[in-house]
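Peer 1: Structure below; questions to follow.
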DNA sequence: ATCGACTGATACCGTCTGCGCATGACGATC
DNA sequence: GATCGTCATGCGCAGACGGTATCAGTCGAT
């Protein structure tokens, strides 16, 4: 009751060959069923598509019109499964990536460049979210991959460190420590005014700060959640802050970044997080791309 | 070995319903063959398209990709026969129309406007050719419809008069006849210098001129094939010419058009000519449009 | 004018696909 | 843990579809 792709393929072959016999040969079948196929198509279309003569067959105007449509249909029908297979293999499709504000400064650019190079047919959709929101959206499938600081305790997630960097001290340019030495020592911070992290909203940075300060407890003059706010306060001369090194990409006026003596190890990590049982096959391919990234 | 439209329709139904049973109901079939249909599609695509659970089925990423393609395919498959049928009925398609230089001045504009109004989906392809060339191209199918003066003797053509007009005299503005009276009389032409038509290249006009002059034989100072050349010579003051009234649309400087006394009948005709056994169904529709045109 | 060669259409037959019915396997829910 | 609802599977049969043989028409050569 409706047309079939076989009928269209038969019709196209006859139209191109101008000859039922040769068309049948091309389709690796015999002529009689091909004739019937085209007749059936004509009945279903409700119009003659071919003029049959004793020398072969030629297109009617309706046939000309249908030929173009039939070619498009057959091309689509051939391409559609291939493209679906590519999506299944993770070579094409969509990848929803979440990232934190500070992640944008360190690896996001390289991640995207690498994804573009390795997975050119994957459309990466980006969203900036704090860590907790990213985990929520990973859970409900709105994100495929998160870039965040904290290691999620939840068992359904898997994790890979994609970036390590050092904590550095951000000093107001007029601060005495900025004038005197090249490196800041931990002890110098003991009697400094310090802008520190909000223990809930920026728990990771807060705990990391406490760890690297090794018991030294500077005066905390302000607690903020965002690294950016922190730098604004430093620029205003309100105190010193500890920030990830990659923040230096911003070149904040009035702020000097100094390494801290005795902190050689890159301790601030950024993790890629994804669902163990995620369904998007692009994730696996993207993680391959991320691993080559880390090797450099 | 290849996908079928039925499989795609089944897949789309399941994808939209999220449920094999309801999808089967929508397709007016039972659930088991639908399940097998989708399974087969998945084998042929080479990827899982649906995640089956005990609550229904949801799309995999590959399924999402294929769903979009499948919808496009099905829409095309539904539209293609309709559009072919419209072409077969002459409601859509191409119409190659030939016309002579003078036809362009009289009815071509109205013909095209009418065609656009009555047959909006027909693309009209225009070509200006002399009558003989038009007949050749009608014969070999490069033209569907000709607009020309002469009635073809050939039996394979059919004809319909689409325009009638009068012959008028084209006078140089400084010519005595232009100054004296409103109408020119045939007798006045007897001793006038006259620019006349080439008896082979413009046979129709030549014979018509002879007929309307009723035995009066003016001096023929020049013979030309094109009405336009004729007017150029009139403007140059070389003589009088007889031209179809519609040429007045051109407003040649230095030329005055005057009706001729005793020529009341519109004698110059323009005919639509087409092949008796032509294959393009648009022709019949176009002739319908032309007949309504003539009634006005 | 006749015959032969070639065109697509038709008749007939066998197979294989694809449907429906009955039922199974599995998970969710109470 | 019984029950309900999901999709998958086994089986039998009708119909679709392809292949072989043949027909019918047209064209061209003899």
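Residue numbers (UniProt numbering), protein chains in the order written: chain A, 1 to 296; chain B, 1 to 296. We put the beta carbon where it would ideally sit given N, CA and C, even for glycine. Computed from a prediction, not measured in an experiment: that's the story for all the values here.
So is residue 44/A in contact with chain B if we call contact Cβ pairs under 9 Å?
Peer 2: Stepping through the first chain from its first residue, residue 44/A is reached at position 44. Yes, residue 44/A lies at the interface with chain B (some Cβ there is under 9 Å from its Cβ).
Peer 1: List, in order along the chain, the chain A residues whose C-beta lies closer than 7 Å to that of residue 83/B?
Peer 2: As a first step, residue 83/B is located in the second chain; it is residue number 83 there, counting from the start. Going along chain A in sequence order, the residues near residue 83/B (Cβ under 7 Å) are 65 and 69.
Peer 1: In whole angstroms, what is the alpha-carbon distance linking residue 282/B and residue 155/B?
Peer 2: As a working mapping, residue 282/B is identified with position 282 in the second chain. As a working mapping, residue 155/B is identified with position 155 in the second chain. Computed Cα separation, rounded: 21 Å.
Peer 1: Would you call residue 244/B buried or exposed, if buried means 16 or more other Cβ atoms sit within 10 Å of its Cβ?
Peer 2: The residue labelled residue 244/B in the question sits at position 244 within the second chain. Per the 10 Å Cβ criterion, buried.
Peer 1: Answer with yes or no whether the minimum CB distance from residue 195/A to chain B is below 9 Å.
Peer 2: Here residue 195/A corresponds to residue number 195 of the first chain, with the count starting at 1. Output row for residue 195/A: interface = no.
Peer 1: Who are the neighbours of residue 281/B on chain A, taking C-beta pairs under 7 Å?
Peer 2: In the second chain, counting from the first residue as 1, residue 281/B sits at position 281. Per Cβ cutoff of 7 Å: 61.
Peer 1: Tell me whether residue 276/A is buried or exposed, calling it buried when 16 or more other Cβ atoms sit within 10 Å of its Cβ.
Peer 2: Taking the first residue of the first chain as 1, we reach residue 276/A at position 276. That one is exposed.
Peer 1: Along the chain, where does the beta strand (DSSP E) that runs through residue 270/B open and close?
Peer 2: As a first step, residue 270/B must be located in the second chain, where it is residue number 270. Looking at the DSSP string, the run of the beta strand (DSSP E) that includes residue 270/B is 268-275.
Peer 1: Can you check the segment 111-155 of chain A for any alpha helix (DSSP H) of at least 4 residues that lies completely inside it and give the ranges in chain order?
Peer 2: 131-139
Peer 1: Quick check: residue 20/A and residue 49/A, are their CB atoms within less than 9 Å of each other?
Peer 2: Along the first chain, read from residue 1 onward, the residue named residue 20/A stands at position 20. Along the first chain, read from residue 1 onward, the residue named residue 49/A stands at position 49. No, the pair does not count as a contact, with Cβ atoms beyond the cut-off.
Peer 1: Give, in chain order, every unbroken run of the alpha helix (DSSP H) that is at least 4 residues long and sits entirely within the segment 171-200 of chain A.
Peer 2: 176-180
Peer 1: If you drop the 5 nearest sequence neighbours on each side, which residues of the same chain put their C-beta closer than 6 Å to that of residue 31/A?
Peer 2: Position 31 of the first chain, counting from 1, holds the residue named residue 31/A. Hits under 6 Å: 20, 21 and 24.
Peer 1: Return the chain-ordered ranges of every alpha helix (DSSP H) run that is complete within the segment 10-77 of chain B and spans a minimum of 4 residues.
Peer 2: 20-26 and 31-45
Peer 1: Should the segment 143-161 of chain B be regarded as contacting the segment 100-107 of chain B, the criterion being three or more beta carbon pairs within less than 8 Å?
Peer 2: yes
Peer 1: Express the C-alpha separation of residue 138/A and residue 76/A in angstroms, rounding to a whole number.
Peer 2: The sequence position of residue 76/A within the first chain is 76, counting from 1. The sequence position of residue 138/A within the first chain is 138, counting from 1. Each residue's Cα considered, the two are about 34 Å apart.
Peer 1: Could you tell me the distance, in whole angstroms, from the CA atom of residue 131/A to the CA atom of residue 210/A?
Peer 2: Taking the first residue of the first chain as 1, we reach residue 131/A at position 131. Taking the first residue of the first chain as 1, we reach residue 210/A at position 210. Approximately 20 Å between the Cα atoms of the pair.
Peer 1: How about the segment 255-262 of chain A and the segment 168-187 of chain A: do they share at least three Cβ pairs that are nearer than 8 Å?
Peer 2: With a cut-off of 8 Å, the segment 168-187 of chain A and the segment 255-262 of chain A count as touching, because enough Cβ pairs lie within range.
Peer 1: For residue 107/B, does the three-state DSSP call read helix, strand or coil?
Peer 2: Along the second chain, read from residue 1 onward, the residue named residue 107/B stands at position 107. Of the three classes helix, strand and coil, the one that applies to residue 107/B here is coil, per DSSP.
Peer 1: Are there 16 or more other CB atoms within 10 angstroms of the CB of residue 161/B, so buried, or fewer, so exposed?
Peer 2: Within the second chain, numbered from 1, the residue matching residue 161/B stands at position 161. With fewer than 16 Cβ atoms within 10 Å of its Cβ, residue 161/B is classed as exposed.
Peer 1: Would you report the Cα separation of residue 2/A and residue 91/B, rounded to the nearest angstrom?
Peer 2: Residue numbering aside, residue 2/A sits at position 2 when the first chain is read from its first letter. Residue numbering aside, residue 91/B sits at position 91 when the second chain is read from its first letter. Going from the Cα of residue 2/A to the Cα of residue 91/B covers about 22 Å.
Peer 1: Quick test of the definition: if touching needs 3 or more C-beta pairs under 8 Å, does the segment 187-205 of chain B touch the segment 219-231 of chain B?
Peer 2: yes
Peer 1: Output the distance between the C-alpha atoms of residue 140/A and residue 279/A, rounded to the nearest integer angstrom.
Peer 2: Locating residue 140/A in the first chain gives position 140, counting from the first residue. Locating residue 279/A in the first chain gives position 279, counting from the first residue. Those two C-alpha atoms are separated by around 12 Å.
Peer 1: With 9 Å set as the bound, which would you pick, yes or no: does the beta-carbon of residue 296/A sit closer than that to a beta-carbon of chain B?
Peer 2: As a first step, residue 296/A is located in the first chain; it is residue number 296 there, counting from the start. The pLDDT assigned to residue 296/A is 48, lower than 50, so where the model puts this residue is not dependable; a value taken from the coordinates is nonetheless given after this. Not closer than 9 Å to any Cβ of chain B, the Cβ of residue 296/A fails to qualify, so no.
Peer 1: In chain order, what residues of the same chain have a beta carbon less than 6 Å from the beta carbon of residue 201/A, not counting five sequence neighbours either side?
Peer 2: The residue given as residue 201/A occupies position 201 in the first chain. Result list for residue 201/A: 225, in chain order.
Peer 1: What in chain B is Cβ-close to residue 4/A, meaning under 7 Å?
Peer 2: Counting from 1 along the first chain, the entry for residue 4/A is found at position 4. Residues of chain B with a Cβ closer than 7 Å to the Cβ of residue 4/A are, in chain order, 4 and 5.
Peer 1: Whose CA, out of 152/A, 208/A, 240/A and 153/A, lies closest to the CA of residue 188/A?
Peer 2: Locating residue 188/A in the first chain gives position 188, counting from the first residue. The option with the nearest alpha carbon to residue 188/A is 240/A.
Peer 1: So residue 119/B contacts chain A; which residues on that side make the cut at Cβ distance below 8 Å?
Peer 2: As a first step, residue 119/B must be located in the second chain, where it is residue number 119. Chain order gives no chain A residues near residue 119/B, where near means a beta carbon separation below 8 Å; the closest approach is about 13 Å.
Peer 1: Going by beta carbon distance, what residues of the same chain come within less than 7 Å of residue 124/B, once the five residues before and after it are set aside?
Peer 2: One-based indexing of the second chain puts residue 124/B at position 124. Counting only Cβ-Cβ distances below 7 Å, and skipping sequence neighbours, we find 95, 97, 112 and 115.
Peer 1: Would residue 285/A be called buried (16 or more neighbouring beta carbons within 10 Å of its own) or exposed?
Peer 2: The count along the first chain starts at 1 and reaches residue 285/A at position 285. The residue is buried, with at least 16 neighbouring Cβ atoms inside 10 Å.
Peer 1: At a cut of 8 Å, does the segment 164-178 of chain A reach the segment 228-240 of chain A through at least three beta carbon pairs?
Peer 2: At 8 Å Cβ cutoff, the stretches touch.
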